[in-house]
Amino acid sequence: MSATEMESPEFLRISLAAAMTLGMRPGRFYRNARLECINLLMTYKEGCAANCAYCGLQRLREGTYDKKSFIRVPWPVVALEEIITRCESNPEVKRICLSMITHGRAVKDAEIILQRLHQGLPQVPLSLLCTPTLLRREHLEMYRAIPVERLGIAVDGATPEIFDTFRGKGVKGPHRWENYWDLFQEALGVFGRDRVGIHLIVGLGETEEEIIRLMDRIRKAGGSTHLFSFFPEPGSKLQGRPQPPASQYRRCQLARYLIDQDLAGVEEFSFNQKGQIVSFGLSPEELERVVASGVPFMTSGCPGPDGRTVCTRPYGDCAPGEDIRSFPFQPEKEDLEMIKKQLASYWTE
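Here it is, written out as structure tokens:
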């Protein structure tokens, strides 16, 4: 079957990690990581109309859409019905997340796909990573009625200037900062508190203070933050940009956890002249307990029935190896020793 015929809603791209989890692709996860959320991506021969500078799916990147990598790995194209069949027989699947792309058919096709997923897998909660550029409140209400349980919005850039430079006018892209935040407010009204997550990327040129203040704003509004470390995509406009220092990401992870768990807010934090966080507003004993749990440094995302994050996205923002950015499993003793050193290193940066 040609790529032209293998389009959504009948076909979807599936993450390599999800394909491995469902037995569609061979492979083993480094350090026996697990994935319990099946990540799906809509697919069309024309590809995505956006041109985000860090994304492997950007419109002006060379190659046909079906051959473009996303998050540095291939995403195989698979029939929706096969995905449903595989999920039915796999008790590891605790959630399914559908990601929209910027395409004229995506709004209606997302509804069709989500309805079919719910019909075939009524016990599996659904998440939608949406494209605010295409949506209005009535679309959110339509998805919620299916029911989509949680909504994700990938803002990514932590300031209006960064967003516009890498997603908007700076790359001749269709996305606008104001539209994303307008839809966030609408989504809170439709889905409710704690059911809307904002994706943010550390390392696009923002200060720690800027991204942490945005996380605090999101939480106070009723949302949560799903945090990523920038990881350059080969072939993208930002392929030569380095990852942020691990210490910078660790501090942002810790601040995110404290904010989203309602343990502290930006008014308790202190920042230095470089915009780096130097105090988290907790006593040394309290902070040590939080860090020692390891949880702040694990992948942040949608939960399963027991409240644990199941969208672990193994190695989605780093290569498997010593420099794990978002741990897809509980950090071990050696990991925590490294994390503590990274957190402390800001004193010498």
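For the sequence shown, the numbering used here gives the first residue as 12, with consecutive numbering after it.
All C-beta atoms, glycine included, are put in the ideal place defined by N, C-alpha and C.
As the structure is a computational prediction, the values presented were derived from the model and not from experiment.
Practice task
Tell me where the beta strand (DSSP E) around Asp167 begins and ends.
Solution key: 161-167
Handout entry: Closest Cα partner of Met153 within the set Asp193, Ala121, Leu128, Thr176
Key = Ala121
Exercise for the section: Keeping to the same chain, check which residues put their C-beta closer than 6 Å to that of Met309; ignore five residues upstream and five downstream. Expected result: Phe338
Exercise for the section: Since I believe Ile270 is in contact with Gly216 (beta carbons under 8 Å), could you give me their beta-carbon distance rounded to a whole number of angstroms? Expected result: Contact flag wrong, Cβ pair sits at about 21 Å.
Handout entry: Segments assigned beta strand (DSSP E), at least 3 residues, entirely inside the stretch 91-135
Key = 106-110
Practice task
Apply the 10 Å Cβ neighbour rule to Pro325 and answer buried if 16 or more other Cβ atoms are within range, or exposed otherwise.
Solution key: buried
Handout entry: Contact under 8 Å by Cβ, Pro342 with Gly318
Key = no
Practice task
Please list, in chain order, all residues of the same chain as Met31 whose beta carbon is under 6 Å from its beta carbon, the five residues on each side excluded.
Solution key: Gly38
Practice task
Would you mind giving the Cβ-Cβ distance between Glu160 and Pro136, rounded to the nearest angstrom? I have them listed as a contact below 8 Å.
Solution key: 4 Å
Practice task
May I have the straight-line CA-CA distance separating Pro295 from Gly286, to the nearest angstrom?
Solution key: 21 Å
Handout entry: Reduced DSSP secondary structure (H/G/I, E/B, other) of Val321
Key = Residue state for Val321 is assigned as coil, using DSSP reduced to three classes.
Handout entry: Residue environment, Pro331, which counts as buried when at least 16 other CB atoms sit within 10 Å
Key = exposed
Problem - Where Arg224 falls, given that 16 or more other Cβ within 10 Å makes a residue buried - result: buried
Handout entry: Pick from Arg147, Glu21, Gln130 that is closest to Leu199, judged by C-alpha positions
Key = When only C-alpha atoms are compared, the closest one is Arg147.
Practice task
Could you tell me whether the stretch 242-251 touches the stretch 342-353, where touching means 3 or more Cβ pairs closer than 8 Å?
Solution key: no
Handout entry: Residue closest to Pro158, alpha-carbon to alpha-carbon, out of Ala117, Arg206, Ala303
Key = Arg206
Practice task
Please list the segments of the alpha helix (DSSP H) lying wholly inside the stretch 31-67, counting only runs of 4 or more residues, in order along the chain.
Solution key: none
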